[in-house]
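**Q** The sequence shown begins at 120 in our numbering and counts up one residue at a time. Below is a structure I'd like to ask you about.
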Amino acid sequence: AQEVITVPFNDIESYREAIDYWKDDIAAVLVEPIVGNFGMVMPQPGFLEEVNKISHDNGTLVIYDEVITAFRFHYGAAQDLLGVKPDLTAFGKIVGGGLPIGGYGGRQDIMEHVAPLGPAYQAGTMAGNPLSMRAGNALLEVLEQEGVY
């Protein structure tokens, strides 16, 4: 908790103040593009765009937590629905059709640092689990059908 700074969602002035104060100490910000842990709270118009701008102006990466929102609102996740792209995205078990697995992705220039292309090794207990991968593929096949959303 000592290394985490929290800012109220949709409060861009509080966000700006936090970045101004801690800008030399913040590597990345983690944002739920649509808050799901206390109801579904949509971002105010321009909020996510301003978070991206302030973050990038200060050399800070933007990471979206799409564990709850991915594929539940839109095939391209909340970021595609809202038209705002983060630098990285974290996904939960939805990518495995509800089976245990997680995933992440992001800008090519960042992802190139991850093995096998780069030096950052990444592994997980369920990484590449065949059952979870097949369930995830089946889910995506259903979701891309017309009329699902």
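Note that the Cβ used here is the ideal one computed from N, Cα and C, for glycine as well.
How far does the beta strand (DSSP E) with residue 214 in it reach, from first residue to last?
**A** Note, residue 214: premise wrong, no beta strand (DSSP E); not H, not E.
**Q** Quick check on residue 124: buried or exposed, where buried means 16 or more other Cβ atoms within 10 Å of its Cβ?
**A** Residue 124 comes out exposed.
**Q** Could you name the residues of the same chain whose beta carbon sits closer than 7 Å to that of residue 173, not counting the 5 residues immediately before and after it, in chain order?
**A** If we look at residue 173 and ignore the five residues flanking it on each side, its Cβ neighbours are 134, 135 and 138.
**Q** Suppose the cutoff is 7 Å on Cβ atoms and the five residues either side in sequence are ignored; what does the same chain contact list for residue 168 look like?
**A** Counting only Cβ-Cβ distances below 7 Å, and skipping sequence neighbours, we find 203.
**Q** Name the one or two DSSP bridge partners that residue 208 has.
**A** According to DSSP, residue 208 bridges with 183 and 224.
**Q** Beta-carbon within less than 8 Å of residue 198's beta-carbon, same chain only, minus the 5 sequence neighbours each way: which residues are those?
**A** Excluding residues within five positions, the ones whose Cβ falls inside 8 Å are 152, 183, 185, 204, 205 and 208.
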